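Below you'll find the structure, written out as structure tokens, and then a few comments.
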Amino acid sequence: MADASTGTTETLNKQDYTFLPLSVVTKADGETLHLWSSQDALVLKMLAMALPEALALSSLCTHIKGHEGLKATVNDLRWMQNWALPDYRYVMKTDVKGYYESIDHTILLKQLDKDISDPFIWRLLV
Numbered sequence: 010m011a012d013a014s015t016g017t018t019e020t021l022n023k024q025d026y027t028f029l030p031l032s033v034v035t036k037a038d039g040e041t042l043h044l045w046s047s048q049d050a051l052v053l054k055m056l057a058m059a060l061p062e063a064l065a066l067s068s069l070c071t072h073i074k075g076h077e078g079l080k081a082t083v084n085d086l087r088w089m090q091n092w093a094l095p096d097y098r099y100v101m102k103t104d105v106k107g108y109y110e111s112i113d114h115t116i117l118l119k120q121l122d123k124d125i126s127d128p129f130i131w132r133l134l135v
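The working numbering numbers the first residue of the sequence shown as 10 and each following residue consecutively.
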């Protein structure tokens, strides 16, 4: 295990890291999963930690640390229910299946281009 992490560290330090192809796993129910290698997952986590410093994140993104989180969201919902939209009694949390897969990467990369100046981070993104 130390050899793999040492290799990952060395390639990151040389700014020569390349992601491995995703592993494709088909579950018993026929659902297909695409999985990152453990090294790739670690690099993606590091990338996710580095990106907020480079990106102009909205204060409305309450899932971001320091943006008041769940407590602020609940308070906002209570205010909406009591004052702005008193006739609405319920809130529904939704998830759009396939949302991330449907993102146009050309548009996304054009939007990121103005904020990402580090060439190594840019190479990892594309």
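Just so you know, even glycine gets a beta-carbon here, dropped at the ideal spot from N, CA and C.
From a predicted model like this one, the values you see are computed outputs, not experimental measurements.
Residue 42: buried (16+ other C-beta within 10 angstroms of its C-beta) or exposed? What you label residue 42 is simply residue 33 of the sequence shown in a count that begins at 1. Exposed, since its Cβ has fewer than 16 Cβ neighbours within 10 Å.
For residue 47, the first and last residue of its enclosing alpha helix (DSSP H): Along the sequence shown, one-based indexing puts residue 47 at 38. Per DSSP, residue 47 belongs to the alpha helix (DSSP H) from 47–63.
Ordered along the chain, which non-local residues of its own chain (more than five positions away) have a Cβ less than 6 Å from that of residue 118? Position 109 of the sequence shown, counted from the start, is the residue given in the question as residue 118. Correct list: empty, nothing qualifies.
Return the CA-CA distance between residue 96 and residue 19, expressed in angstroms with no decimal places. Translated into the one-based positions of the sequence shown, residue 96 becomes position 87. Translated into the one-based positions of the sequence shown, residue 19 becomes position 10. Answer to the nearest angstrom: the Cα atoms are 59 Å apart.
If you count every other CB in all the chains shown that lies within 10 Å of the CB of residue 26, and 16 or more means buried, which is it? Your numbering for residue 26 matches position 17 in the sequence shown. With 16 or more Cβ atoms within 10 Å of its Cβ, residue 26 is classed as buried.
What is the residue span of the beta strand (DSSP E) that residue 114 lies within? Here the question's residue 114 lines up with position 105 in the sequence shown. First-last for residue 114: 114–122, but that is the alpha helix (DSSP H), not the beta strand (DSSP E).
For residue 67, write down the residues that DSSP places opposite it in a beta bridge. Taking the first residue of the sequence shown as position 1, residue 67 is located at position 58. Per DSSP, none; premise fails for residue 67.
Output yes if chain B places a C-beta closer than 9 Å to the C-beta of residue 17; else output no. Considering every chain present, this structure includes no chain B. It has just one protein chain.
Cα-Cα separation, residue 103 to residue 17: By 1-based counting over the sequence shown, the position of residue 103 is 94. By 1-based counting over the sequence shown, the position of residue 17 is 8. The straight-line gap from Cα to Cα measures roughly 37 Å.
Could you give the distance in angstroms between the alpha-carbon of residue 80 and the alpha-carbon of residue 67? On the sequence shown, position 71 is the one that residue 80 refers to. On the sequence shown, position 58 is the one that residue 67 refers to. Cα to Cα, the separation comes out at about 17 Å.
Is residue 52 buried or exposed, if buried means 16 or more other CB atoms sit within 10 Å of its CB? As a first step, residue 52 is located in the sequence shown; it is residue number 43 there, counting from the start. Counting Cβ neighbours within 10 Å, residue 52 comes out buried, since at least 16 surround it.
Same chain, Cβ closer than 8 Å to residue 78, neighbours up to 5 away in sequence not counted: On the sequence shown, residue 78 is found 69 positions in, with the first residue counted as 1. Once the five neighbours on either side are set aside, the close Cβ partners of residue 78 are 71, 72.
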